[in-house]
Amino acid sequence: MRPIDDSPIVRDGKVLILAMDHGLEHGPVDFEPVPETIDPSTVFDVATHDAVTAMAVQKGVAEAYYPSYEDDVNLLMKLNGTSNLWMGEPDSAVNCSVDYAVEECGADALGFTLYGGSNHEIEMAEEFRKAQEDAREHDVPMVMWSYPRGQGLKNDRDPETIAYAARQALELGADIAKVKYPGSPENMEWAVDAAGKVKVVMSGGSKTDDYAFLKQVEGCMEAGGKGLAVGRNVWQRENPREILDALEAVIYEGASAEEALDR
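Per our numbering, the sequence shown starts with residue 1465, numbered consecutively.
Take a look at the structure:
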(Lines of atoms letter the chains of each structure in order from A and count residues from 1; the text may use other names and numbers.)
(Lines give C-alpha, C1' and ligand atoms only; values in the text may rest on other atoms or scores of the structure.)
Protein backbone atom coordinates (compact mmCIF):
# COMPACT_ATOMS: atom_id res chain seq x y z
CA MET A 1 0.00 0.00 0.00
CA ARG A 2 1.43 3.37 -1.01
CA PRO A 3 1.51 6.08 1.67
CA ILE A 4 -1.88 7.78 1.93
CA ASP A 5 -0.27 11.16 1.21
CA ASP A 6 0.68 9.86 -2.24
CA SER A 7 -2.95 9.05 -3.04
CA PRO A 8 -4.72 11.28 -5.58
CA ILE A 9 -7.45 11.96 -3.00
CA VAL A 10 -4.98 13.81 -0.75
CA ARG A 11 -3.65 17.32 -1.41
CA ASP A 12 -0.76 18.58 0.72
CA GLY A 13 -1.68 16.04 3.38
CA LYS A 14 -5.27 17.27 3.51
CA VAL A 15 -8.59 15.94 2.22
CA LEU A 16 -11.84 17.50 0.99
CA ILE A 17 -14.33 14.85 -0.07
CA LEU A 18 -17.52 16.06 -1.74
CA ALA A 19 -20.13 13.45 -0.86
CA MET A 20 -23.27 12.77 -2.86
CA ASP A 21 -24.50 9.43 -1.55
CA HIS A 22 -27.50 11.23 -0.07
CA GLY A 23 -29.92 10.14 -2.79
CA LEU A 24 -29.73 6.61 -1.41
CA GLU A 25 -29.19 7.38 2.26
CA HIS A 26 -31.71 10.21 2.66
CA GLY A 27 -33.80 10.22 -0.51
CA PRO A 28 -34.56 12.95 -3.07
CA VAL A 29 -35.77 15.32 -0.34
CA ASP A 30 -32.15 16.42 0.18
CA PHE A 31 -32.09 17.91 -3.31
CA GLU A 32 -35.18 20.10 -2.84
CA PRO A 33 -33.34 23.20 -1.50
CA VAL A 34 -31.49 23.44 -4.85
CA PRO A 35 -33.66 21.39 -7.24
CA GLU A 36 -31.08 21.15 -10.02
CA THR A 37 -28.85 19.03 -7.74
CA ILE A 38 -31.15 16.08 -8.30
CA ASP A 39 -29.09 15.74 -11.50
CA PRO A 40 -25.72 14.31 -10.38
CA SER A 41 -23.98 16.16 -13.21
CA THR A 42 -24.65 19.40 -11.36
CA VAL A 43 -22.65 18.21 -8.35
CA PHE A 44 -19.94 16.57 -10.47
CA ASP A 45 -19.43 20.00 -12.05
CA VAL A 46 -18.93 21.44 -8.55
CA ALA A 47 -16.43 18.65 -7.76
CA THR A 48 -14.08 19.96 -10.45
CA HIS A 49 -13.16 22.77 -8.02
CA ASP A 50 -9.46 22.60 -7.05
CA ALA A 51 -10.31 22.28 -3.36
CA VAL A 52 -12.13 18.96 -3.87
CA THR A 53 -9.86 15.92 -3.69
CA ALA A 54 -12.54 13.29 -4.37
CA MET A 55 -16.25 12.85 -4.96
CA ALA A 56 -18.06 10.09 -3.07
CA VAL A 57 -21.00 8.39 -4.80
CA GLN A 58 -22.74 5.04 -4.98
CA LYS A 59 -22.20 2.56 -7.81
CA GLY A 60 -25.12 3.51 -10.05
CA VAL A 61 -24.22 7.21 -10.06
CA ALA A 62 -20.59 6.36 -10.77
CA GLU A 63 -21.52 4.13 -13.69
CA ALA A 64 -23.86 6.67 -15.24
CA TYR A 65 -21.96 9.94 -14.70
CA TYR A 66 -18.31 9.44 -13.80
CA PRO A 67 -17.09 8.58 -17.34
CA SER A 68 -17.77 12.20 -18.31
CA TYR A 69 -15.67 13.52 -15.40
CA GLU A 70 -12.85 11.01 -14.97
CA ASP A 71 -10.24 13.49 -16.21
CA ASP A 72 -11.28 16.18 -13.73
CA VAL A 73 -12.61 14.41 -10.63
CA ASN A 74 -11.20 11.67 -8.39
CA LEU A 75 -13.78 8.97 -7.67
CA LEU A 76 -14.42 7.67 -4.16
CA MET A 77 -16.83 4.75 -4.45
CA LYS A 78 -19.11 4.06 -1.51
CA LEU A 79 -19.28 0.29 -1.20
CA ASN A 80 -22.25 0.12 1.14
CA GLY A 81 -25.37 2.10 1.91
CA THR A 82 -29.02 1.70 2.83
CA SER A 83 -32.13 3.76 2.15
CA ASN A 84 -33.89 5.88 4.71
CA LEU A 85 -36.90 3.65 4.15
CA TRP A 86 -35.18 0.98 6.29
CA MET A 87 -36.55 1.28 9.82
CA GLY A 88 -34.58 -1.45 11.61
CA GLU A 89 -31.45 -1.37 13.72
CA PRO A 90 -28.72 0.55 11.80
CA ASP A 91 -27.20 -1.57 9.07
CA SER A 92 -25.80 -0.97 5.60
CA ALA A 93 -26.03 -3.23 2.56
CA VAL A 94 -22.88 -3.96 0.58
CA ASN A 95 -23.79 -2.74 -2.91
CA CYS A 96 -20.48 -2.94 -4.75
CA SER A 97 -17.35 -5.08 -4.67
CA VAL A 98 -13.87 -3.63 -4.51
CA ASP A 99 -12.95 -5.34 -7.79
CA TYR A 100 -15.88 -3.76 -9.60
CA ALA A 101 -15.31 -0.31 -8.09
CA VAL A 102 -11.64 -0.19 -9.09
CA GLU A 103 -11.47 -2.27 -12.27
CA GLU A 104 -14.77 -1.35 -13.91
CA CYS A 105 -15.51 2.11 -12.53
CA GLY A 106 -12.01 3.49 -12.04
CA ALA A 107 -12.31 4.31 -8.34
CA ASP A 108 -9.34 6.12 -6.80
CA ALA A 109 -10.52 5.33 -3.26
CA LEU A 110 -13.24 3.42 -1.46
CA GLY A 111 -15.68 4.31 1.28
CA PHE A 112 -17.43 2.09 3.80
CA THR A 113 -19.90 2.92 6.57
CA LEU A 114 -19.55 1.22 9.96
CA TYR A 115 -22.26 1.71 12.58
CA GLY A 116 -20.37 0.94 15.76
CA GLY A 117 -22.79 0.04 18.54
CA SER A 118 -25.46 -1.31 16.21
CA ASN A 119 -26.73 -4.84 16.74
CA HIS A 120 -25.28 -5.45 13.25
CA GLU A 121 -21.79 -4.15 14.09
CA ILE A 122 -20.10 -7.55 13.99
CA GLU A 123 -21.45 -8.34 10.52
CA MET A 124 -20.50 -4.88 9.23
CA ALA A 125 -16.99 -5.14 10.67
CA GLU A 126 -16.51 -8.49 8.93
CA GLU A 127 -17.70 -6.96 5.65
CA PHE A 128 -15.28 -4.08 6.17
CA ARG A 129 -12.45 -6.54 6.77
CA LYS A 130 -12.96 -8.13 3.35
CA ALA A 131 -13.27 -4.75 1.62
CA GLN A 132 -10.19 -3.38 3.38
CA GLU A 133 -8.03 -6.35 2.43
CA ASP A 134 -9.26 -6.22 -1.17
CA ALA A 135 -8.48 -2.50 -1.23
CA ARG A 136 -4.91 -3.25 -0.19
CA GLU A 137 -4.55 -5.62 -3.13
CA HIS A 138 -5.64 -2.84 -5.48
CA ASP A 139 -3.48 -0.21 -3.74
CA VAL A 140 -6.36 2.19 -3.10
CA PRO A 141 -7.15 3.88 0.22
CA MET A 142 -10.13 3.05 2.39
CA VAL A 143 -12.24 5.75 4.02
CA MET A 144 -14.42 4.69 6.94
CA TRP A 145 -17.65 6.55 7.61
CA SER A 146 -17.35 5.76 11.35
CA TYR A 147 -20.78 6.53 12.75
CA PRO A 148 -21.65 4.99 16.13
CA ARG A 149 -25.37 4.40 16.07
CA GLY A 150 -27.90 1.97 17.53
CA GLN A 151 -30.57 1.41 20.12
CA GLY A 152 -28.07 1.27 22.99
CA LEU A 153 -26.33 4.53 22.07
CA LYS A 154 -27.70 7.63 23.80
CA ASN A 155 -25.58 10.37 22.23
CA ASP A 156 -23.71 9.89 18.98
CA ARG A 157 -21.93 13.25 19.40
CA ASP A 158 -20.55 12.56 22.87
CA PRO A 159 -16.77 13.24 22.78
CA GLU A 160 -15.98 9.78 24.13
CA THR A 161 -18.16 8.20 21.44
CA ILE A 162 -16.50 10.21 18.66
CA ALA A 163 -13.04 9.31 19.94
CA TYR A 164 -14.09 5.66 20.01
CA ALA A 165 -15.32 5.95 16.41
CA ALA A 166 -11.96 7.35 15.33
CA ARG A 167 -10.16 4.56 17.17
CA GLN A 168 -12.30 1.91 15.47
CA ALA A 169 -11.11 3.23 12.12
CA LEU A 170 -7.49 2.78 13.22
CA GLU A 171 -8.03 -0.65 14.75
CA LEU A 172 -9.86 -2.01 11.70
CA GLY A 173 -7.43 -0.67 9.10
CA ALA A 174 -8.94 2.46 7.56
CA ASP A 175 -6.72 5.15 6.05
CA ILE A 176 -9.16 8.02 6.67
CA ALA A 177 -11.86 8.26 9.34
CA LYS A 178 -14.92 10.39 8.76
CA VAL A 179 -16.47 11.30 12.12
CA LYS A 180 -18.96 13.82 13.40
CA TYR A 181 -17.61 17.01 14.94
CA PRO A 182 -17.83 16.62 18.74
CA GLY A 183 -18.46 20.27 19.51
CA SER A 184 -15.04 21.80 20.20
CA PRO A 185 -11.41 21.67 19.06
CA GLU A 186 -10.47 20.10 22.40
CA ASN A 187 -12.92 17.24 21.91
CA MET A 188 -11.86 16.82 18.30
CA GLU A 189 -8.23 16.59 19.39
CA TRP A 190 -9.15 13.56 21.51
CA ALA A 191 -10.54 11.87 18.39
CA VAL A 192 -7.45 12.78 16.37
CA ASP A 193 -5.17 11.38 19.07
CA ALA A 194 -7.24 8.19 19.28
CA ALA A 195 -6.93 7.66 15.52
CA GLY A 196 -3.14 7.57 15.53
CA LYS A 197 -1.81 7.67 11.97
CA VAL A 198 -5.30 7.57 10.44
CA LYS A 199 -6.34 10.91 8.94
CA VAL A 200 -9.46 12.24 10.68
CA VAL A 201 -11.92 14.34 8.71
CA MET A 202 -15.14 15.80 10.00
CA SER A 203 -18.57 15.15 8.59
CA GLY A 204 -20.20 18.20 7.04
CA GLY A 205 -23.66 17.42 8.43
CA SER A 206 -26.85 19.34 7.80
CA LYS A 207 -26.67 22.73 6.12
CA THR A 208 -25.92 25.66 8.40
CA ASP A 209 -24.82 29.26 7.80
CA ASP A 210 -21.42 29.97 6.28
CA TYR A 211 -19.72 31.25 9.42
CA ALA A 212 -20.93 28.49 11.75
CA PHE A 213 -19.90 25.84 9.24
CA LEU A 214 -16.47 27.30 8.54
CA LYS A 215 -15.87 27.79 12.27
CA GLN A 216 -16.38 24.06 12.83
CA VAL A 217 -13.97 23.24 10.02
CA GLU A 218 -11.46 25.67 11.51
CA GLY A 219 -11.85 23.89 14.85
CA CYS A 220 -11.27 20.53 13.21
CA MET A 221 -8.07 21.72 11.56
CA GLU A 222 -6.90 23.39 14.78
CA ALA A 223 -7.32 20.02 16.53
CA GLY A 224 -5.10 18.24 14.01
CA GLY A 225 -7.85 17.02 11.72
CA LYS A 226 -7.00 16.67 8.06
CA GLY A 227 -10.08 18.04 6.36
CA LEU A 228 -13.68 17.42 5.59
CA ALA A 229 -16.17 15.10 3.94
CA VAL A 230 -19.16 17.25 3.07
CA GLY A 231 -22.31 17.17 0.98
CA ARG A 232 -25.26 19.36 1.89
CA ASN A 233 -23.17 22.21 3.29
CA VAL A 234 -21.78 22.65 -0.22
CA TRP A 235 -24.32 21.62 -2.84
CA GLN A 236 -27.38 22.88 -0.96
CA ARG A 237 -26.03 26.40 -1.48
CA GLU A 238 -27.00 28.50 -4.48
CA ASN A 239 -23.32 29.24 -5.16
CA PRO A 240 -21.37 26.21 -3.92
CA ARG A 241 -18.10 27.40 -5.41
CA GLU A 242 -18.04 30.36 -3.02
CA ILE A 243 -18.07 28.09 0.03
CA LEU A 244 -15.46 25.85 -1.62
CA ASP A 245 -13.24 28.90 -2.08
CA ALA A 246 -13.57 29.56 1.65
CA LEU A 247 -12.99 25.91 2.55
CA GLU A 248 -9.87 25.90 0.43
CA ALA A 249 -8.53 28.77 2.49
CA VAL A 250 -9.34 27.15 5.84
CA ILE A 251 -8.22 23.60 5.03
CA TYR A 252 -5.16 24.13 2.83
CA GLU A 253 -3.98 27.60 3.79
CA GLY A 254 -4.75 27.65 7.51
CA ALA A 255 -7.06 30.66 7.32
CA SER A 256 -9.61 31.39 10.03
CA ALA A 257 -13.31 31.38 9.25
CA GLU A 258 -13.33 35.16 9.38
CA GLU A 259 -10.37 35.47 7.03
CA ALA A 260 -11.87 32.98 4.57
CA LEU A 261 -15.16 34.89 4.43
CA ASP A 262 -13.42 38.26 3.97
CA ARG A 263 -11.61 37.16 0.79
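For every residue, glycine included, the Cβ atom is placed at its ideal position computed from N, Cα and C.
Cα-Cα separation, residue i to residue j
i: arginine 1727; j: valine 1498; result: 25 Å
i: glycine 1660; j: phenylalanine 1592; result: 19 Å
i: proline 1472; j: aspartate 1622; result: 33 Å
i: aspartate 1494; j: glycine 1691; result: 23 Å
i: valine 1656; j: glycine 1688; result: 6 Å
i: leucine 1543; j: leucine 1549; result: 19 Å
i: alanine 1416; j: aspartate 1673; result: Since the first residue of the chain shown is 1465 and the last is 1727, residue 1416 is not available in this structure.
i: tyrosine 1716; j: asparagine 1619; result: 31 Å
i: glutamate 1635; j: arginine 1600; result: 15 Å
i: proline 1492; j: glutamate 1500; result: 11 Å
i: arginine 1434; j: leucine 1725; result: The requested residue 1434 does not occur in the structure, where the chain is confined to residues 1465 to 1727.
i: lysine 1594; j: serine 1505; result: 31 Å
i: histidine 1584; j: serine 1547; result: 16 Å
i: phenylalanine 1677; j: alanine 1518; result: 20 Å
i: phenylalanine 1508; j: aspartate 1470; result: 23 Å
i: alanine 1629; j: glutamate 1723; result: 31 Å
i: valine 1566; j: serine 1532; result: 17 Å
i: asparagine 1651; j: alanine 1658; result: 11 Å
i: alanine 1710; j: aspartate 1598; result: 36 Å
i: arginine 1475; j: glutamate 1496; result: 32 Å
Burial state of residue i, where buried means 16 or more other Cβ atoms lie within 10 Å
i: glycine 1552; result: exposed
i: serine 1556; result: buried
i: arginine 1466; result: exposed
i: glutamine 1700; result: buried
i: isoleucine 1586; result: exposed
i: glycine 1730; result: Outside the displayed span of the chain (1465 to 1727) sits residue 1730, for which this structure offers no information.
i: tyrosine 1420; result: Residue 1420 is absent from the model: the chain starts at 1465 and stops at 1727.
i: proline 1646; result: buried
i: glycine 1524; result: exposed
i: glutamine 1615; result: exposed
i: glutamate 1653; result: buried
Residue i and residue j closer than 9 Å at C-beta
i: glycine 1545; j: leucine 1488; result: yes
i: glycine 1695; j: methionine 1484; result: yes
i: methionine 1685; j: valine 1643; result: no
i: tyrosine 1564; j: tyrosine 1611; result: no
i: glycine 1668; j: alanine 1693; result: yes
i: isoleucine 1707; j: proline 1605; result: no
i: glutamine 1596; j: alanine 1641; result: no
i: valine 1558; j: histidine 1602; result: no
i: leucine 1539; j: cysteine 1569; result: yes
Residue of the options minimising C-alpha distance to residue i
i: alanine 1528; options: Asp1503, Thr1517 and His1602; result: Asp1503
i: serine 1720; options: Glu1650, Asp1535, Lys1679 and Val1493; result: Lys1679
i: leucine 1482; options: Gly1491, Met1685, Asp1469 and Ala1511; result: Ala1511
i: glutamate 1712; options: Asp1509, Glu1686, Ala1520 and Asp1514; result: Asp1514
i: aspartate 1572; options: Glu1534, His1486 and Met1608; result: Glu1534
i: glycine 1477; options: Lys1663, Gln1632 and Ala1710; result: Lys1663
i: arginine 1705; options: Gln1615, Val1516 and Pro1554; result: Val1516
i: alanine 1526; options: Cys1560, Ser1582 and Glu1500; result: Cys1560
i: glutamate 1702; options: Lys1671, Ala1724 and Tyr1716; result: Lys1671
i: leucine 1480; options: Glu1723, Asn1697 and Cys1569; result: Asn1697
i: tryptophan 1609; options: Glu1624, Asp1598 and Arg1631; result: Arg1631
i: serine 1648; options: Phe1508, Leu1636 and Glu1624; result: Glu1624
i: histidine 1490; options: Gln1522, Ser1582, Ser1532 and Glu1653; result: Gln1522
i: serine 1582; options: Asp1598, Pro1554 and Val1607; result: Pro1554
i: alanine 1633; options: Pro1531, Glu1650 and Ala1589; result: Ala1589
i: alanine 1520; options: Pro1531, Val1607, Ser1532 and Asp1598; result: Val1607
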